[in-house]
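Remarks on the structure that follows.
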Amino acid sequence: MSTPPFVDLPAHTSAVRLPTAGGPLAALRAVPPDAIERRGIAVLVPGYTGSKEDFIAVLAPLAEAGYEVVALDQRGQHESSGPDDPAAYTIARLATDLADVVDEIAGTEQRRIHLLGHSFGGLVAREYALARPERVRSLAIFDSGPAAVPGGSAERAKALVFAAGFLTSAQIWVEMQKMAEAEGAPQHPDPRIRAFLQKRFEANDTAMLVGMGTAILEAPDRTAELAATALPVLVAAGVGDEAWPVGLQKEMATRLGTDIVLIEDAAHSPAAENPAATVRLLLDFWGQNI
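Residue numbering for the sequence shown follows the working numbering, beginning at 9 and increasing consecutively.
Shown next as structure tokens:
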């Protein structure tokens, strides 16, 4: 679960709702200022318990560099409603939502977009890229792995899936706070950020928590298929990331014909923890794939 450094809408950014066949998705849309030449469109997909606000700190600088940027709440996350059936949250279903979003913002012609998926969102972005490679100018995979989460990450996902089967999101939040307090984990010093984190988690649909949690535990390895598309791929992670072991992410990058980029002063959420470095990395990568 990423913690945004602030929650106020940044410059050039508005809250929007984008239509999909599965229902509208909440999004933040940043548009370049009129005086800036437009260089492309980017779509940013958050992880399992994340949201569009995970990317809030990179929206304005990317827009000021000429990119129209759309960050999503996937179905059932935060301000996007979703079905009550956990089976509606497979990676394939989520990639279908993403296809509708791309068609909405980039048109139904063969206009291509830059795509970024963070954590579980990396699996969704990969699924879309495999289904619609002709619509993808580049793919950035941040803090994600080749397949299902392993080790401690898997155990945490299993616990959340189990809890969401009989507790509300608000009740799960209470239990999570009790565990954090027992472990001596510090609270965020900003009360507005603390309030946002609670509001966001409590807004999550429990069917989403079960469905996406199951998906992240069962995801197959499709790295070879992605490599076969020859799409430009960036693999990046915070130097302290532990969701998927960094070594596993490095191996995935090698299989994709590239090297992993490790972002200093960041763990699992570089866009929130080191937005300046994340922006520099994306602008360099996107600039090579105009």
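Glycine is no exception: its CB is placed at the ideal position from the N, C-alpha and C atoms.
Query: Between Leu-33 and Glu-87, what straight-line distance do the alpha-carbon atoms span, to the nearest angstrom?; Result: 8 Å
Query: Are the CB atoms of Asn-282 and Arg-145 nearer to each other than 7 Å?; Result: no
Query: For Phe-170, which of helix, strand or coil comes out of DSSP?; Result: helix
Query: Here's a check: name, in chain order, each residue in its chain whose Cβ is nearer than 8 Å to the Cβ of Phe-263, leaving out the five neighbours to either side.; Result: Residue identity check: residue 263 is Arg in the sequence provided, not Phe. Hits under 8 Å: Pro-154, Thr-231, Ala-232, Ala-235.
Query: Would DSSP call Thr-28 helix, strand or coil?; Result: coil
Query: Is the shortest distance between the beta-carbon of Gln-179 and the beta-carbons of chain C less than 7 Å?; Result: Included in the structure is just one protein chain, with no chain C present.
Query: Roughly how far, in whole angstroms, is the beta-carbon of Ile-180 from the beta-carbon of Glu-135, given that I think they are within contact range, below 8 Å?; Result: Actually they are not in contact, since the Cβ atoms of Ile-180 and Glu-135 sit about 27 Å apart, beyond 8 Å.
Query: Does the Cβ of Phe-209 have 16 or more other Cβ atoms within 10 Å, making it buried, or fewer, making it exposed?; Result: buried
Query: What is the DSSP secondary structure of Ile-121, reduced to helix, strand or coil?; Result: strand
Query: Excluding five sequence neighbours on each side, which residues of the same chain lie with their C-beta closer than 8 Å to the C-beta of Leu-256?; Result: Gly-153, Pro-154, Pro-158
Query: By Cβ distance below 6 Å, which residues in the same chain neighbour Ala-275 in space, the five residues on each side in sequence not counted?; Result: Gly-246, Gly-248, Asp-249
Query: For my contact list, Leu-225 and Ala-148 are in at a C-beta cut-off of 8 Å; report their separation, rounded to the angstrom.; Result: That belief does not hold up - the Cβ atoms of Leu-225 and Ala-148 are roughly 24 Å apart, past 8 Å.
Query: So, does the stretch 63-77 touch the stretch 197-209, judging by three or more C-beta pairs under 8 Å?; Result: no
Query: So, is His-126 buried or exposed, given that buried needs 16 or more other C-beta atoms within 10 angstroms?; Result: buried
Query: Out of Asp-213, Pro-253, Asp-267, point me to the one whose CA is closest to Ala-96's CA.; Result: Asp-213
Query: Quick check: the stretch 28-48 against the stretch 102-113, are at least 3 beta-carbon pairs closer than 8 Å?; Result: yes
Query: Among Thr-286, Ala-227, Leu-290, Ala-251, whose alpha-carbon lies nearest the alpha-carbon of Met-9?; Result: Ala-251
Query: Can you tell me which of the three DSSP states Arg-37 falls into?; Result: strand
Query: Applying the 10 Å Cβ sphere with the 16-neighbour rule, what's the burial state of Asp-42?; Result: exposed
Query: Taking the C-alpha atoms as reference points, what is the distance between Pro-197 and Val-182?; Result: 19 Å
Query: Who pairs with Ala-148 in a beta bridge, going by DSSP?; Result: Leu-124, Leu-242
Query: So what does DSSP say about Ser-88, is it helix, strand or coil?; Result: coil
Query: Among all the DSSP beta bridges, which residues are the ones paired with Thr-21?; Result: Ala-38
Query: Could you check the C-alpha separation between Ala-188 and Ser-22 for me, to the nearest Å?; Result: 34 Å
Query: Per DSSP, which one or two residues make a beta bridge with Ala-80?; Result: Note that residue 80 is Leu in the sequence shown, not Ala. Ala-35.
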